[in-house]
Amino acid sequence: MEAEWTHPGQRWRLLAPAGAVVIDIAAGPLAVRRAAARLTDLPAGSPVVLLDRRPGSAWRARRLAAAGVISIEGRYVALPSLRRAVVLAEDSADVLRWACRSLVAPPPGAAWAHGPLHAAIAVARRWPRLVGWLAAGRVVIGRTA
């Protein structure tokens, strides 16, 4: 039997506390409100995992924390995305800098796109916080307030 976390879209499960409620923040203008409503329905102190697969996910996680529905214990950026995560890096400047310099490279077989990918990787290595803001995938670990 294969563990769920071995699949690229499920690597975040390695970070999830036992018994955590998983909330996938959907697309749409009311997505944050729906997630906040689900979080307020949970008992205080419940472990939760927020998954956001869209760019700009850092902003949405901060909005939930500012609303007082979650206390954030950890933030992770999925590289290259949450659906195809190879690396889950802590959302801090030093960790993202290390991940961009040590782990991020153009995928094999991308001959026609090698130039643009190389340029994007060079930008990511120079400004790793930009990766944290633009990444299409974020995992937020926390507890309900």
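When we follow my numbering, the leftmost residue of the sequence shown carries the number 5, and every step to the right adds one.
Yeah, the Cβ is synthetic: ideal placement off N, Cα and C, and Gly gets one too.
Within the stretch 79-143, the runs of beta strand (DSSP E) at least 3 residues long that lie entirely inside it are, in chain order, 91-94. CA-to-CA, the gap between Arg-57 and Pro-84 works out to about 11 angstroms. Within the stretch 24-82, the complete beta strand (DSSP E) segments of 3 residues or longer fall at 25-29, 51-56, listed in chain order. A residue is called buried once 16 or more other Cβ atoms fall within 10 Å of its Cβ, and Arg-37, having fewer, is exposed. As the crow flies, the alpha-carbon of Ser-75 is around 16 angstroms from that of Ser-61. Our two residues, Leu-138 and Ala-48, have alpha carbons roughly 31 angstroms apart in a direct line.
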